[in-house]
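Visitor: Below you will find the structure I want to go over with you.
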Amino acid sequence: MLKKSVRNFWSLLMIFVLMVPLSFSLFSSHAQAVTEKPTEGKLFIHKLKFGGAQDLPTIAGDGAQLTELPSGAAPSPDVEFAVVSLKKSKLSSSPSQAEAIAYYNSVKNNPNVVQTTGKTDAAGIFETKTLPADKYLVVELTSELGATKIAAPVVVSLPIMNTDGSAWNDQVHIYTKNAVTLGAAKTQKLTEDNQPLIGATFSLYKKGATGQADNLVQADLVSHGDGFTDIVGNLVVGDYYFIETNAPDNFLLNGRKVDFSIKPENHAYNESGALDEAKVVSTNLLNYLKPTLSGERLTDESTDIGKTVTWKVTTDVPKNIKEYTKYVITNTLDSHLTYIGNIIITLDGVQLNPSYYKVTEANGVITIIFIEELFPGSTSQLANGKQITITFDTVINHTAIPGTPISNNSILTVNNGYVDAATTQPTPPTVETGGRKFLKVNSSQKPLANAEFVIYKNANAKENNGYKGPLYLKRNNDKTITWVKEKKEATVLTSDQEGKFEAYGLGYGSYLLEETKAPSGYNLLTEDKKFTIDKKSYSDEAQLVILNTNAPTIPITGSIGTILFFALGLILMGVAFLFYRKKYSHA
1 MLKKSVRNFW
11 SLLMIFVLMV
21 PLSFSLFSSH
31 AQAVTEKPTE
41 GKLFIHKLKF
51 GGAQDLPTIA
61 GDGAQLTELP
71 SGAAPSPDVE
81 FAVVSLKKSK
91 LSSSPSQAEA
101 IAYYNSVKNN
111 PNVVQTTGKT
121 DAAGIFETKT
131 LPADKYLVVE
141 LTSELGATKI
151 AAPVVVSLPI
161 MNTDGSAWND
171 QVHIYTKNAV
181 TLGAAKTQKL
191 TEDNQPLIGA
201 TFSLYKKGAT
211 GQADNLVQAD
221 LVSHGDGFTD
231 IVGNLVVGDY
241 YFIETNAPDN
251 FLLNGRKVDF
261 SIKPENHAYN
271 ESGALDEAKV
281 VSTNLLNYLK
291 PTLSGERLTD
301 ESTDIGKTVT
311 WKVTTDVPKN
321 IKEYTKYVIT
331 NTLDSHLTYI
341 GNIIITLDGV
351 QLNPSYYKVT
361 EANGVITIIF
371 IEELFPGSTS
381 QLANGKQITI
391 TFDTVINHTA
401 IPGTPISNNS
411 ILTVNNGYVD
421 AATTQPTPPT
431 VETGGRKFLK
441 VNSSQKPLAN
451 AEFVIYKNAN
461 AKENNGYKGP
471 LYLKRNNDKT
481 ITWVKEKKEA
491 TVLTSDQEGK
501 FEAYGLGYGS
511 YLLEETKAPS
521 GYNLLTEDKK
531 FTIDKKSYSD
541 EAQLVILNTN
551 APTIPITGSI
561 GTILFFALGL
571 ILMGVAFLFY
581 RKKYSHA
């Protein structure tokens, strides 16, 4: 028994001897971690914001960096902090904002007091320079606009012991938090008649500080059926504007900035964080229709070369014409048209004072300019009306191709103060002139040269002062067409060696062809040939064949044959007379 007790004693003693070095080692390690305090370190000041005036969550102040931010927290950039040493200071460990600011101001710029200032970055963090070990005051100098609850000053030691007491932390993270106003906004797009307009696109910007660029908050906000865009939320206190980036079809972009502000009283969320739409800031912007343009021809759809063709151009006056910096109507004539003037410009049927516009013409381009800077009062004058009408005259010139449309293209170019735009005619008006090709042949289809013709038409009594007779075609030296009453003044058309001749530059309609001289050995036409001119009549397929017949082979009065025939008849009559007398005289 005694031996057993002795053996147990020596076993316990041996275990104790083995444990002592290990225990000493552990104790020595812990003591070293606790006692070897760093002589310097850094503070990482995190600025968080929470919407509204709700109670802010508690964040552990142990100096460690959080792996996840509290619910509803967002980084708050550009907030300025001061970090000031409290060595030899009597400031309490929980100073008020006023006490903290007062202390900071008392030591500000004092070279004997360690201090630094800085602003939080985009992630809401201000990392200080390396600071000597000490106790420091962290105080917020400039709060975010709209803050309803400002973070209290913080007194912190650098370094700080870990919560388990195992080591010093010389990279201390401090989390400060504010409650801020978070607003929301939307804009509505309206027509000039205050009707909702769908399809306009906007961007929302927050105005930058003086000298700084504005910040894009959200792009591609499109107006819906009620004219409103989607609501943009979580807007901090500040100045903002919506700006249109794309207008709906048939409307001009309105580049005016729609300014608004989010103020501290504009918090748009309830205590549960849900949006209160009654508190959403609402703005609106009008869109004005793009001016329209139309053109027409006031005279016949086809006409003779040289005859007046009158054109009419109409455009509506936009309701915001006073904002326009450019309003120009340009008419580009086809090369087959020649401008002859007689331009008249009216506003709602009343001739407009020429001092309000300028007309130029060069190389077939007629330009009418309305610009306030050049013609003071022009846009103000136009603002009193609804429609501008322009009429002017042209003629078809000798280069025209029969049956081919000749157009007058008009375009309206404007600037509404924000954007350039152009309006063209959906279908430009046209005019045409026609012609006809002829072929002179005999009964064997042999071409006949040197046949001569004139063309005439029956006069329209209304257009010719009651005259109802024929009017003959006369082609002038400049190739223009006129119609004359005297046949002797008419232009003679002569068939060439191939029997061909033609008429061109005539309006569509019915005409008559009169042969005035037949080829040698042929008779004149017994009646005038009626023909028509239309869009297709000048084609080779529509060529009109004129048939001439041979003259009969009877003796010609006054010829030798006639004389001999007459003499022989007299002789026979004389002989018969002699026989007659002789017979009756013997009786």
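Every letter in the sequence shown is one number past the one before it in full-length UniProt numbering, and letter 507, counting from 1, is 507. Ideal Cβ placement from N, Cα and C applies to all residues, glycine included.
1) Around the C-beta of Asp220, are 16 or more other C-beta atoms found within 10 angstroms, so that it is buried, or is it exposed?
2) Quick check on this structure: which residue in Lys468, Leu190 and Ser94 has the alpha carbon closest to the alpha carbon of Asn287?
3) Skipping 5 residues on each side, what residues in its chain have a beta carbon closer than 8 Å to that of Gly225?
4) Could you tell me how far apart the beta carbons of Leu412 and Thr423 are, in whole angstroms, since I believe they sit closer than 8 Å?
5) Between the C-alpha atoms of Lys90 and Val138, what's the straight-line distance to the nearest angstrom?
6) Could you check whether Phe202 and Thr181 sit closer than 8 Å to each other, using their CB atoms as the reference points?
7) Pull up the distance between the alpha-carbon of Val484 and that of Leu471, whole angstroms please.
8) Could you check which residue in Asn331, His46, Val365 and Thr346 has the C-alpha nearest to that of Ala151?
9) For the alpha helix (DSSP H) that contains Asn105, what are its first and last residues?
10) Could you check if Ala98 is buried or exposed, using at least 16 other CB atoms within 10 Å of its CB as the buried criterion?
11) Are at least three pairs of beta-carbons, each pair with one atom in the region 294 to 313 and one in the region 421 to 440, less than 8 Å apart?
12) Relative to the alpha-carbon of Lys488, which residue among Lys129, Tyr456, Pro132 and Lys386 has its alpha-carbon at the smallest distance?
13) For Thr163, collect the residues of the same chain with a Cβ closer than 6 Å to its Cβ; drop the 5 residues on either side in sequence, then sort them by chain order.
14) What are the start and end residues of the beta strand (DSSP E) that includes Gln188?
15) Is the CB-CB distance between Ser495 and Lys437 below 8 Å?
16) Around the C-beta of Ile329, are 16 or more other C-beta atoms found within 10 angstroms, so that it is buried, or is it exposed?
17) For the alpha helix (DSSP H) that contains Thr379, what are its first and last residues?
18) To the nearest angstrom, report how far apart Ala184 and Asn194 are at their CA atoms.
19) Note the first and the last residue of the continuous beta strand (DSSP E) segment covering Ile321.
20) With a Cβ-Cβ cutoff of 8 Å, do Phe50 and Lys129 count as a contact?
21) Taking just the CA atoms, how far does Val395 sit from Thr346?
22) Quick one: does Lys42 have its CB under 8 Å from some CB of chain D?
23) Ends of the beta strand (DSSP E) at Ile369?
24) Let me know if Gln387 comes out buried or exposed under the rule of 16 or more other beta-carbons within 10 Å of its beta-carbon.
25) Using 10 angstroms around the beta-carbon of Tyr467, count the other beta-carbons present and answer buried if the total reaches 16, otherwise exposed.
26) Per DSSP, what kind of secondary structure is Ser539 in: helix, strand or coil?
27) May I have a chain-ordered list of the alpha helix (DSSP H) segments no shorter than 4 residues that lie completely inside the region 249 to 296?
28) Thinking C-alpha only, which one of Ile243, Asn442, Thr433 and Pro291 is nearest His336?
29) Under the three-state reduction of DSSP, which class applies to Ile198: helix, strand or coil?
30) Would you give the residue range spanned by the beta strand (DSSP E) that Asn415 belongs to?
31) Can you give me the Cβ contacts of Gly377 inside the same chain, cut-off strictly under 7 Å, excluding the 5 residues immediately before and after it?
32) If contact is defined by three or more beta carbon pairs under 8 Å, each pair taking one atom from either stretch, is the region 304 to 319 in contact with the region 209 to 217?
33) Extract the residue ranges of the beta strand (DSSP E) inside the UniProt domain "SpaA-like prealbumin fold" (437 to 537), only unbroken runs of 3 or more that lie entirely within it.
34) Excluding the 5 residues flanking Leu382 on each side, which residues of the same chain have their C-beta closer than 8 Å to its C-beta?
35) By Cβ distance, which residues of its chain are closer than 8 Å to Leu547, with the 5 residues on each side in sequence left out?
36) Alpha carbon to alpha carbon, what distance is there between Leu235 and Arg256?
Guide: This is what the structure gives:
1) exposed
2) Per the C-alpha coordinates, the member of Lys468, Leu190 and Ser94 positioned closest to Asn287 is Leu190.
3) Pro196 and Ile198
4) 4 Å
5) Going from the Cα of Lys90 to the Cα of Val138 covers about 15 Å.
6) The Cβ atoms of Thr181 and Phe202 lie no closer than 8 Å to each other.
7) 5 Å
8) His46
9) Gln97 to Val107
10) exposed
11) yes
12) Lys488 has its Cα closest to that of Tyr456, out of Lys129, Tyr456, Pro132 and Lys386.
13) Asp62
14) Leu182 to Thr191
15) Their beta carbons are not under 8 Å apart, which means Ser495 does not touch Lys437 by this criterion.
16) buried
17) Ser378 to Leu382
18) 23 Å
19) Taken as a continuous stretch (DSSP letters only), Ile321 belongs to no beta strand (DSSP E), as it is neither H nor E.
20) no
21) 22 Å
22) This model lacks chain D altogether; it includes just one protein chain.
23) Val365 to Phe370
24) exposed
25) Tyr467 is exposed by the Cβ-count criterion.
26) coil
27) none
28) Thr433
29) DSSP places Ile198 in coil when its eight states are reduced to three.
30) Ile406 to Asn415
31) Tyr356
32) No, the region 209 to 217 is not in contact with the region 304 to 319.
33) 452 to 458, 470 to 475, 481 to 484, 500 to 506, 509 to 517 and 529 to 533
34) Val317, Ile321, Tyr327, Leu347, Tyr356, Phe370 and Ile388
35) Val441, Asn442 and Ser443
36) Those two C-alpha atoms are separated by around 21 Å.
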